[in-house]
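Shown next, in structure tokens, is the structure this report addresses.
2 protein chains.
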Amino acid sequence: MTYELYYWPSIQGRGEFIRLVLEEAGAKYEDVARGEKGGRDSVSRILDGVGNTPPFAPPVLKAGNLYISHAANILMFLGPRHKLAPKAEAGRLWAHGLQLTMTDFIKEVHDTHHPVATSLYYEDQKKEALRYTGEFLKSRAPKYLGYFEDILKRNGGKYLVGRSLSYPDLSLFQIVTGLRYAFPKAMKKIEKDIPLSVALRDAVEKRPRIAAYLASPRRIAFNEYGIFRRYPELDKK
Amino acid sequence: MTYELYYWPSIQGRGEFIRLVLEEAGAKYEDVARGEKGGRDSVSRILDGVGNTPPFAPPVLKAGNLYISHAANILMFLGPRHKLAPKAEAGRLWAHGLQLTMTDFIKEVHDTHHPVATSLYYEDQKKEALRYTGEFLKSRAPKYLGYFEDILKRNGGKYLVGRSLSYPDLSLFQIVTGLRYAFPKAMKKIEKDIPLSVALRDAVEKRPRIAAYLASPRRIAFNEYGIFRRYPELDKK
Numbered sequence: 002m003t004y005e006l007y008y009w010p011s012i013q014g015r016g017e018f019i020r021l022v023l024e025e026a027g028a029k030y031e032d033v034a035r036g037e038k039g040g041r042d043s044v045s046r047i048l049d050g051v052g053n054t055p056p057f058a059p060p061v062l063k064a065g066n067l068y069i070s071h072a073a074n075i076l077m078f079l080g081p082r083h084k085l086a087p088k089a090e091a092g093r094l095w096a097h098g099l100q101l102t103m104t105d106f107i108k109e110v111h112d113t114h115h116p117v118a119t120s121l122y123y124e125d126q127k128k129e130a131l132r133y134t135g136e137f138l139k140s141r142a143p144k145y146l147g148y149f150e151d152i153l154k155r156n157g158g159k160y161l162v163g164r165s166l167s168y169p170d171l172s173l174f175q176i177v178t179g180l181r182y183a184f185p186k187a188m189k190k191i192e193k194d195i196p197l198s199v200a201l202r203d204a205v206e207k208r209p210r211i212a213a214y215l216a217s218p219r220r221i222a223f224n225e226y227g228i229f230r231r232y233p234e235l236d237k238k
Numbered sequence: 002m003t004y005e006l007y008y009w010p011s012i013q014g015r016g017e018f019i020r021l022v023l024e025e026a027g028a029k030y031e032d033v034a035r036g037e038k039g040g041r042d043s044v045s046r047i048l049d050g051v052g053n054t055p056p057f058a059p060p061v062l063k064a065g066n067l068y069i070s071h072a073a074n075i076l077m078f079l080g081p082r083h084k085l086a087p088k089a090e091a092g093r094l095w096a097h098g099l100q101l102t103m104t105d106f107i108k109e110v111h112d113t114h115h116p117v118a119t120s121l122y123y124e125d126q127k128k129e130a131l132r133y134t135g136e137f138l139k140s141r142a143p144k145y146l147g148y149f150e151d152i153l154k155r156n157g158g159k160y161l162v163g164r165s166l167s168y169p170d171l172s173l174f175q176i177v178t179g180l181r182y183a184f185p186k187a188m189k190k191i192e193k194d195i196p197l198s199v200a201l202r203d204a205v206e207k208r209p210r211i212a213a214y215l216a217s218p219r220r221i222a223f224n225e226y227g228i229f230r231r232y233p234e235l236d237k238k
């Protein structure tokens, strides 16, 4: 079976957490909006309705007859199927809980540049963004990252869940990498307190399939349209 | 088995979505922090660590040996066990996706009074709250509520999922009721466009177990410490 991923074609965004899992799994998938017949219209068509179950927003994964929306929901579906999550219920719920904490974190990252409204430009909410990001870098990012660091520590240091790589590890790679892109100065300081997370990030980057993916044109570069944006004025040491 | 719910004892908050399911299911549960030996300390103890899987934040449900965190994760667990969600995978994923959209919506409701930081008082971010809430009531609330209205319409009008009550219906009840508490003026206008959602809300309120719960001391009253807060200056017609 070939999965179909529906997500905006020009950003990593929330779709990237799914792309990383599909790549690490070596799964066959089509990143539909980036294909020849794709484009943004292919995503809009999905949102207009898949039978009576239209998703609220992308990403959406088509797996056979199933259309699944919300990144964390999709990862929960893919994980056990591709040996990137425990199969037993307790482990599945724990991995999903971790992913939902990352979902909350990612929303707060997004709000560093859009604290008032998604419908407004960054430039029109810059004043609020400066204040929001100040609190984010001082309190929220260290709190979330410290939490995942603690989980790594309690679990032996290498992986967040169990004794092998799972999808939350891939998401933590993306989060640390993205924060480094967006806030290079602030992260230099924050990273001192999360050595296990940084080591996990580095290890994920070197995994053969991930390394090949990152070097390929399939990996969209970070840019100022996605979740992780580099606005130097927001990056406080 | 008696479930144990760990959540702050003085607010409805995110715990309320779980209380509603447990009440409608007629399940045995202890709202630990509200019990004699409870209090806020009982929640803090859970956050300090349950073995090596400490949750990031409440609510947490203890079910036998399982500790599950994140409201949507808990509801996904409880739903099929208490006939409040489909058992088949497609239905489970669809219900969970709807709940995750509600999770996003609820976070935005929270941000109407805390757009800068949870660690600051409302009074210290009132200016930003006024601007955020303006956009929220103009665009975001109608968009989310319109989405659920559309799902109800496509599904025959009475329920969000399948042909009987499920946990997303109970959550939509809580959301419409909460928004009505927080923004009575704005909701009077918005409700004109979501008749099916309002009818669902009314139907849920009259269900015998929910009606008994709402009339009991177990239901905490809305107040200005939870997600849905009534600050008249934010409520625009």
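Which chain is which? The protein sequence lines are A and B, in order.
Going by the numbering used here, the first sequence opens with residue 2, and the numbers climb by one from there.
Going by the numbering used here, the second sequence opens with residue 2, and the numbers climb by one from there.
Idealized CB from N, CA, C, for every residue including glycine.
Task: Buried versus exposed, by CB contacts within 10 Å (16 or more), Glu-37 of chain A - done: exposed
Task: Chain-ordered chain A contacts of Phe-57 of chain B [CB-CB under 7 Å] - done: Thr-102, Tyr-148
TODO: Can you tell me the Cβ-Cβ gap for Pro-60 of chain A and Ile-19 of chain A, rounded? I've got them flagged as a contact below 8 Å.
DONE: 6 Å
- [ ] Determine, using beta carbons only, whether Glu-136 of chain B comes closer than 7 Å to chain A.
- [x] yes
Open item on the list: Need the endpoints of the beta strand (DSSP E) that Leu-67 of chain B sits in, please.
Closed with: 67-70
- [ ] Return the Cβ separation of Tyr-123 of chain A and His-115 of chain A in integer angstroms, given the expectation that the two are a contact with Cβ distance under 8 Å.
- [x] 7 Å
- [ ] Using a Cβ-Cβ cut-off of 7 Å, state whether His-97 of chain B counts as contacting chain A.
- [x] yes
Task: With 16 other Cβ atoms within 10 Å as the buried cut-off, status of Asn-74 of chain A - done: buried
TODO: Report the three-state DSSP secondary structure of Val-162 of chain A (helix, strand or coil).
DONE: coil
Open item on the list: Taking 7 Å as the threshold (C-beta atoms), are Ile-47 of chain B and Leu-94 of chain A in contact?
Closed with: No; because the gap between Cβ atoms is not below 7 Å, this pair is not in contact.
- [ ] Pull up the distance between the alpha-carbon of Asn-53 of chain B and that of Ile-152 of chain A, whole angstroms please.
- [x] 7 Å
Task: Cβ-based neighbour list, Gln-175 of chain A, same chain, cut-off 8 Å, excluding 5 preceding and 5 following - done: Gln-13, Glu-17, Phe-18, Leu-21
Task: Helix, strand or coil at Ala-89 of chain B [DSSP, three-state] - done: coil
- [ ] Determine the contact status of Leu-239 of chain B and Tyr-4 of chain B, defining contact as a CB-CB distance below 7 Å.
- [x] What the structure shows of chain B is the stretch from 2 to 238, and residue 239 of chain B is not part of that stretch, so it cannot be assessed.
Task: Per-residue burial, Glu-136 of chain B [other beta carbons within 10 Å of its own, 16 or more giving buried] - done: buried
Open item on the list: Is there a C-beta anywhere in chain B that falls below 7 Å from the one on Thr-54 of chain A?
Closed with: So yes, Thr-54 of chain A belongs to the interface.
Task: Proximal chain B residues relative to His-83 of chain A, where beta-carbon distance stays under 7 Å - done: Ordered by position in chain B, no residue passes the 7 Å Cβ test against His-83 of chain A, which lies about 16 Å from the chain.
Task: Span of the alpha helix (DSSP H) around Lys-144 of chain B - done: 142-155
Open item on the list: Give me the subset of the region 142-169 of chain A whose CB atoms are less than 7 Å from a CB atom of chain E, sorted by chain position.
Closed with: The structure shown contains no chain E; its protein chains are A and B.
Task: In chain order, each alpha helix (DSSP H) run of at least 4 residues that lies wholly inside the region 115-143 of chain B - done: 127-136
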